[in-house]
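In the working numbering, the protein residues as written are 30 to 442.
Here is the structure we will look at, set down as structure tokens.
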């Protein structure tokens, strides 16, 4: 039973009403606390800018919009694969960036705090592995070319949200002892409908002005993070080499339709110790990516149906509960203290196995509504997206320079 199932005290899946800050990242001078923007550790709910905490239906429905955005972005890239995405030209008099829907900018759940300027001003930034360029707009005259002074930008999105701010160079303080000089950044000063109360985004993608690329000489294009088990706990985001010798690596897959994503090569999935009777071609036909901003992992419908059926068999002893939004398999666990949850493993290229922790298998609305935290795509040809719920408590290591990604366990401890 223990080998095929997680035995979980049900109350450990619920966030506390107070912040639990005992979790610590690796001993590194370049390690930041990762906070859930809607949890009790967050300052974003009390700074006068953020809206009230959204309901679970709001979060899941917004996640559905993000998935639609990613799919449309991939489709757009596929339709225009003969035309490479324009890079920001630093010797240009302006910086032209595409205007996406503003409501999806900074839609991730997790943020970090960094310092900008001398003396530094602390800024809360949503970190996003899918963010490859500034999320807003155009540099005006006077002199984005030299960037010796702040360059004002302004943009309005199709949904009437907007951002106005600066594009410039400045000293970025990662921690109190670690800093990056001459860092190129865009900082929104007035963000209507954007970022969920944060100052902006910390882009960890592949674009030349992403944090990863700008700090390549210092951190060698390596970063890792652990997302906490609940919204009341603290994780970490660390730059540079990881000291975790138990991390196992697999090569990034080539997601040919867009260079902005980090690709995974998934070979199969098991539930409760049984490998799903599905073809690996269901993953390779659409491809797969890992995304820190997507909440719920999306699977090809055929794969999801098989995973759901095996999961339901393993949870047959528990009473059913109503579905919510994109989650169709839910249980009433209010009458139990310890729940036996079928383990879910992902098999990756190179023979590596990622065992999803219990907080990554269940999405807890309340004890009366605990749901399987996976959802289907619209079609088997849509790309698989490995979301942030499934990444909880794992140490996820991106070695971009070496072209590989690693996964370790108990990454937040």
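A virtual CB, placed ideally from N, CA and C, is assigned to each residue, including glycine.
These numbers come from a predicted model, not from an experiment.
Just tell me which of the options has its CA closest to the CA of residue i.
i, options, result
"residue 48", "32, 70, 200", "70"
"residue 400", "300, 337, 148, 426", "337"
"residue 197", "304, 381, 180", "180"
"residue 147", "65, 205, 90, 438", "205"
"residue 388", "417, 382, 408", "417"
"residue 422", "208, 263, 193, 138", "263"
"residue 247", "219, 201, 290, 375", "201"
"residue 235", "284, 192, 208", "284"
"residue 345", "219, 301, 378", "301"
"residue 471", "37, 89, 393, 256", "Residue 471 is absent from the model: the chain starts at 30 and stops at 442."
"residue 44", "380, 394, 297", "394"
"residue 103", "289, 304, 193, 87", "289"
"residue 278", "380, 420, 151", "380"
"residue 440", "36, 231, 62", "62"
"residue 392", "89, 36, 46", "89"
"residue 425", "363, 364, 298, 319", "319"
"residue 363", "40, 35, 32, 231", "40"
"residue 33", "419, 231, 304", "304"
"residue 252", "36, 42, 35, 58", "58"
"residue 420", "312, 310, 333, 258", "258"
"residue 299", "333, 310, 313", "333"
Determine whether the beta carbon atoms of residue i and residue j lie at a separation below 8 angstroms.
i, j, result
"residue 10", "residue 276", "Residue 10 is absent from the model: the chain starts at 30 and stops at 442."
"residue 260", "residue 85", "no"
"residue 373", "residue 390", "yes"
"residue 308", "residue 294", "no"
"residue 237", "residue 432", "no"
"residue 321", "residue 156", "yes"
"residue 199", "residue 145", "yes"
"residue 317", "residue 413", "yes"
"residue 267", "residue 254", "yes"
"residue 335", "residue 227", "no"
"residue 143", "residue 241", "no"
"residue 158", "residue 249", "no"
"residue 385", "residue 376", "no"
"residue 409", "residue 331", "yes"
"residue 296", "residue 208", "no"
"residue 366", "residue 38", "yes"
"residue 138", "residue 91", "no"
Could you tell me how far apart the beta carbons of residue i and residue j are, in whole angstroms, since I believe they sit closer than 8 angstroms?
i, j, result
"residue 265", "residue 60", "5 angstroms"
"residue 340", "residue 371", "6 angstroms"
"residue 361", "residue 397", "5 angstroms"
"residue 329", "residue 315", "6 angstroms"
"residue 140", "residue 73", "7 angstroms"
"residue 193", "residue 151", "In fact, because the Cβ distance is near 21 angstroms, the residues do not count as touching under 8 angstroms."
Report yes if the C-beta of residue i is less than 7 angstroms from at least one heavy atom of the ligand HEM; otherwise report no.
i, result
"residue 205", "Only the bare structure without any ligand can be found here, which leaves the ligand HEM out of the picture."
With 8 angstroms as the threshold, decide whether the Cβ of residue i is near any Cβ in chain D.
i, result
"residue 140", "Among the protein chains of the structure shown there is no chain D, as only one such chain exists."
- Ordered list of beta strand (DSSP E) runs contained in the region 202-274, each at least 3 residues: You should have 207-221, 229-232, 251-255, 264-268.
- Query: Quick one: complete beta strand (DSSP E) runs, 3+ long, within the region 353-406?
  - Reply: Listed in chain order, they are 367-371, 373-377, 382-385, 391-395, 398-401, 403-405.
- Could you tell me whether the region 349-364 touches the region 399-419, where touching means 3 or more Cβ pairs closer than 8 angstroms? Cβ pair count under 8 angstroms is three or more, so yes.
- Task: Decide yes or no for the touch test of the region 317-325 against the region 84-100: beta carbon pairs closer than 8 angstroms, at least 3 of them.
- Result: They touch, by the three-pair rule.
- Query: With a cut-off of 8 angstroms, do at least 3 Cβ pairs link the region 266-273 to the region 335-352?
  - Reply: No contact exists between the region 266-273 and the region 335-352.
- Query: What beta strand (DSSP E) runs, 3 residues minimum, are completely inside the region 298-360?
  - Reply: List check, beta strand (DSSP E) in window: 317-319, 326-328.
- Query: What are the uninterrupted segments assigned as beta strand (DSSP E) that are 3 or more residues long and contained completely in the region 402-442, given in chain order?
  - Reply: Qualifying beta strand (DSSP E) stretches, in chain order: 403-405, 413-415, 424-428, 433-437.
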